[in-house]
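Colleague: Would you mind keeping the following structure in view while I ask a few things?
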Amino acid sequence: MATGKVEDFQDDFALLIEAGFIAVKQLDETSAGRIFKAAQVLNKDSQAPQIGLGYIALNKLEIKEATKIFEEVLKKEPDNYLAKTFLGICFLLTKPKRERGEELIKEAVSKSDDPTVKSLGKISLEWADKDLQKSKSPFLSGASNSEGSGKNKD
4 MATGKVEDFQ
14 DDFALLIEAG
24 FIAVKQLDET
34 SAGRIFKAAQ
44 VLNKDSQAPQ
54 IGLGYIALNK
64 LEIKEATKIF
74 EEVLKKEPDN
84 YLAKTFLGIC
94 FLLTKPKRER
104 GEELIKEAVS
114 KSDDPTVKSL
124 GKISLEWADK
134 DLQKSKSPFL
144 SGASNSEGSG
154 KNKD
């Protein structure tokens, strides 16, 4: 790459982040990953591309990977409330950490001025209360017992 070329695209950083999230919504993981990595090249100090990569992992229900990414973001930016909300969602999906997830989301919602964080947090907490707290949650029915799954644990 010729000198100065990367600098020519600095103004496109936000567009790349947005395009990455759009690619995730369109279930185009390959393009989303490439776009977030390109954004990381443009701005090595920003955690936004990492949040995007964590979001890809979360959408694939790769909870360990997503958790690792969001925890790394929070080590560098402890007040990144989007990452904190996503980490809380990861914890909601991990039964022993569910309570901690709710705490993280409530903290992010209360401290953030971002309407996206507030909306995501509110929806996540409603989902946790409505669907995840049920003893026979459709998401966890096969995880906690074999009832309804048609399979025996033996």
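Here the numbering used here is used: the first residue of the sequence shown is 4, the next is one more, and so on. We treat Cβ as the ideally placed atom computed from N, Cα and C, and that holds for glycine. What you are looking at is a predicted structure, and each value in this text was computed from that prediction instead of being measured.
Does the Cβ-Cβ distance between A42 and P52 come in under 8 Å?
Modeller: The answer is yes: Cβ separation under 8 Å.
Colleague: With three or more C-beta pairs closer than 8 Å as the rule, is the segment 68–78 touching the segment 114–126?
Modeller: No: fewer than three Cβ pairs fall under 8 Å.
Colleague: Quick test of your reading: A86 and I54, contact by CB under 8 Å. State the CB separation rounded to the nearest angstrom.
Modeller: Confirmed, about 5 Å.
Colleague: Buried or exposed: which applies to T33, given that a residue is buried once 16 or more other Cβ atoms fall within 10 Å of its Cβ?
Modeller: Exposed: under 16 other Cβ atoms inside 10 Å.
Colleague: What residues in its chain sit with their C-beta under 6 Å from that of G23, if we drop five residues either side in the sequence?
Modeller: Within the same chain, G23 has close Cβ partners A35, I38, F39 and G55.
Colleague: Using DSSP with H/G/I as helix, E/B as strand and the rest coil, what is N46?
Modeller: Three-state result, N46: coil.
Colleague: Between the C-alpha atoms of L64 and F12, what's the straight-line distance to the nearest angstrom?
Modeller: The straight-line gap from Cα to Cα measures roughly 33 Å.
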